[in-house]
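Count along the sequence shown from 1, add 58, and you get the number used in this note's numbering. No residue lacks a Cβ here, since even glycine has one placed at the ideal position from N, Cα and C. Remember, predicted model here, so these are calculated numbers, not experimental data. Let me begin by presenting the structure, written as structure tokens, before commenting on it.
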Amino acid sequence: MRWISCLLVLFVFCSLANARSIQAIADQQVDYEFAAIEYLIEQEIGKIILTAIYQELGLKVNITSYSGNRAQYAANSGQRAGEIMRIWSYGAENKNLIRVPTPYYSFITSAFTLRNSTINITKAKDLTGYKIARVRGVKHTNNITKNLPKVSDSPSTEAMFKLLQQGQVDIALTSYIDGIQVLKKLKLEKEIMISEPLAGYKLYHYIHKDHQALVSKVDNIIKRLKNNGKLAKIIALAEHTVLNTDRLH
């Protein structure tokens, strides 16, 4: 019986060692790890696009989603190799991050209001005087609400729309594609309406200065994919994938 026990111990030991070896190999296969913002549709689309861009370089990336402020810290501190997508002004605020010069995606900032309200938002200046909700740590809505006094931060677009539905805020701000998709998910299209576009932004990939050799390589790939039409196809596939599945949870 003793020899059976020894064999069992040996079997368990070998199994654990093999599992560790497999995990070690898997870890080694990831070349770079990047940060993204959680609970935003355009970020989910960006994950797919950027993964495809790095695949063109023969590199595998892993992307972890955080709150906006946590993603910024992870990228700027070097805990991650950078962030998948942010607007132009983000580079001026984070000196440890290098902007890849060529943008690879874009979006529109939009205001969402209750259909039964009398609020009419056609430009950014119209936001003055209203109670506004935005998703915490998102730069384009931070920028458009700069110096406005009645602004509250929400952890997600869903939470923000619930505040709007309950009448706790007058306006919710997010990107058009994010807002429309979350409205559909919550079945609030009949209660909440969208404004005219308030601002348009190009989105850039940011890389930590420790990996600056990557910048020109990634930029060249993005340019090539734009020129040969492949980037448009990648974007279309990414949007179709995200907009037809629930990737926010």
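- Ranked by Cα distance from Ala296, the options Asn201, Ser233, Tyr162 and Thr180 are led by Tyr162.
- In terms of CA proximity to Asp211, Val196 leads the group Ala94, Ile177, Val196 and Gly258.
- Closest in C-alpha terms to Glu96, from the list Leu221, Ile177, Gln270 and Ala217, comes Ala217.
- In this structure, Val158 lies away from Tyr90, with their beta-carbon atoms at least 8 Å apart.
- Annotation for Asn201: the continuous alpha helix (DSSP H) segment containing it runs Lys197 to Ile202.
- Pairing Lys189 with Tyr234, the inter-Cα distance amounts to about 19 Å.
- For Leu117 and Phe170, the gap between their C-alpha atoms comes out near 39 Å.
- Counting only runs that start and end inside the segment 139–167, the beta strand (DSSP E) elements of at least 3 residues fall at 140–144 and 155–157.
- The Cβ-Cβ distance between Leu289 and Ile280 falls below 8 Å.
- Lys105 sits buried, since 16 or more C-beta atoms from the chains shown fall within 10 Å of its C-beta.
- With a minimum length of 3 residues, the unbroken runs of beta strand (DSSP E) contained wholly in the segment 104–128 fall at 119–124.
- Restricting attention to Asn127, Gly258, Thr303 and Asn174, the CA atom closest to the CA of Glu151 is found in Asn127.
- By the neighbour-count definition (other C-beta atoms within 10 Å, threshold 16), Asp304 is an exposed residue.
- Between the segment 133–142 and the segment 254–270, the count of C-beta pairs closer than 8 Å reaches three or more; the two stretches touch.
- Taken in chain order, the whole alpha helix (DSSP H) runs of length 4 or more contained in the segment 213–283 are 215–223 and 234–244.
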